[in-house]
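Before any comments, here is the structure.
Numbering (my numbering), first residue to last: 677 to 1148.
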């Protein structure tokens, strides 16, 4: 059964081998996420090479997403790498045993009495108890283990930080050289932040797509403008839950997913989707429900972070996510939810053609829509309407094939180059037959742009039957 919701897996020590990444791809990973907050470029380069080699061997088209660290404030080095604190314990900010190292003057300047400070995903929290003699003393509100380089959040404070750091620019430069498919921008505050990074990506690599991570309160307030200038969106619920009341996060998630669907932009739902599987062999019932609900909301992709990067059961996490997604997509509840969410406004010709293709496929119950696309735009527009039919994106660009691996319901189909319309259709049919996606006699809805090869010019839709391939 072809799963239409895509799975993004974060690479890390738990899968740091050819066998590990091969198992992830075999289990259903569509996009490999590389988190630049951890590791070095020797490790990242190795992972990129492995993903490329294994994908080619498996005839898969796995995209690589480079997630930039962004202007995140992190703890310094803790002696012994970690420290256990308990509720009520007094901790002094500073360096040395038993102290909390905060190497950022911007953070220290806002730590006034009563201010709350969180580490990691908010599991450990403190309140500023006193500032005396140049010494900042914190009282632990909720205990746990604090680790070297963990992120820190000052509740209620928005810092004036740049959209990209020096490290981000260097990581982007190397990622562009490695021809990754996507780059994710962390701690986006406005559409201007996205534009700034997009300009940098175009200079480094015009084909690199930009994903805006929504994890700041400011970004939620400017969400429609951010969606408009981004290639895709990630609902990063971890930091988002630190920036606003936890009870607001589910509603914000649903709103963002809905806006992305109207705009025809892919959206990834991320963070703690199967957090318990970092240690446990099975997800909780609540986690299974969370995944299903995100799919019912209309998310295009669901993401695993620590579960695959550092968890004890990385492959099992992908297996469970795959099963939950397929089961949800097959349900009548899903069909009703998607129909109720269908965008009403059609504002451009490509969208109108894509909608027509979906309507034909739905009314005639054809199993496949064959979208010919140089850039992937036509396939993305068809994906917007979440048809029951599988969307085959026929392209002669390997990079486009990989990029469409993020799109809901799209199955990339790499073809040889083609010229005129008849040659285009024959080439697409031949590739789809060879891949086993189509068989002789199938009715297929075809959409493309004429003249052939002009990106973003989808203006053609037809219905054809697949012919028996000629003997060679």
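Using N, Cα and C, we set each Cβ at its ideal position, and we do this for glycine too.
query: Coarse secondary structure for residue 1028, derived from DSSP in three states; result: helix
query: Residue 682, DSSP secondary structure in three states; result: strand
query: Exposure label - residue 840; buried when at least 16 CB within 10 Å; result: buried
query: Close-in-space but distant-in-sequence residues of the same chain around residue 1060 (CB under 8 Å, 5 per side omitted); result: 937, 940, 1019, 1027 and 1030
query: As assigned by DSSP and simplified to three states, the class of residue 1018; result: coil
query: Cβ neighbour criterion (16 or more within 10 Å) applied to residue 897; result: exposed
query: Of the residues 958, 919 and 911, the one placed nearest residue 978, counting alpha carbons only; result: 911
query: Beta-bridge pairing of residue 642 - partner residues as DSSP gives them; result: No statement about residue 642 is possible, as the shown extent of the chain runs from 677 to 1148 and does not include it.
query: Proximity of residue 683 and residue 708 at Cβ, strictly below 8 Å; result: no
query: Limits of the alpha helix (DSSP H) - the one that residue 837 falls within; result: Taken as a continuous stretch (DSSP letters only), residue 837 belongs to no alpha helix (DSSP H), as it is neither H nor E.
query: Backbone secondary structure at residue 693 - three-state DSSP; result: coil
query: CB contact below 8 Å: residue 1029 versus chain B; result: Protein chains in the displayed structure number just one, and chain B is not present.
query: Unbroken alpha helix (DSSP H) run spanning residue 781, endpoints; result: 781 to 786
query: Alpha carbon of residue 704 to alpha carbon of residue 774, nearest angstrom; result: 44 Å
query: Beta-carbon gap between residue 795 and residue 745 smaller than 8 Å; result: no
query: Local Cβ density within 10 Å of residue 770, reported as buried at 16 or more and exposed below that; result: exposed
query: CB of residue 891 within 8 Å of CB of residue 863, strictly; result: yes
query: For residue 1134, the three-state DSSP class (helix, strand or coil); result: strand
query: Burial state of residue 1022, where buried means 16 or more other Cβ atoms lie within 10 Å; result: exposed
query: Cβ-based neighbour list, residue 1013, same chain, cut-off 6 Å, excluding 5 preceding and 5 following; result: 972
query: Under the three-state DSSP convention, the category residue 720 falls into; result: helix
query: At least 3 beta-carbon pairs within less than 8 Å: the region 873 to 891 vs the region 908 to 923; result: yes
query: Rounded straight-line distance, which links the Cα of residue 1033 to that of residue 1009; result: 24 Å
query: Counted within 10 angstroms of its Cβ, other Cβ atoms place residue 1071 as buried (16 or more) or exposed; result: buried
query: Same chain, Cβ closer than 6 Å to residue 706, five either side skipped, listed in chain order; result: 682, 683 and 1081
query: First and last residue of the uninterrupted beta strand (DSSP E) at residue 878; result: From DSSP, residue 878 is part of no beta strand (DSSP E) but of the alpha helix (DSSP H) over 867 to 880.
query: Limits of the unbroken alpha helix (DSSP H) element including residue 923; result: Where residue 923 is concerned, there is no enclosing alpha helix (DSSP H), given that its DSSP letter is neither H nor E.
query: Three-way DSSP call (helix, strand, coil) for residue 1067 in this model; result: strand
query: Sufficient close CB pairs (3 or more, under 8 Å) joining the region 943 to 953 to the region 977 to 991; result: yes
query: contact_flag[the region 1098 to 1110, the region 1043 to 1050] where n(CB pairs < 8 Å) is 3 or more; result: yes
query: Cβ-Cβ distance between residue 830 and residue 776 below 8 Å; result: no
query: At least three beta-carbon pairs within less than 8 Å, the region 776 to 785 to the region 748 to 757; result: yes
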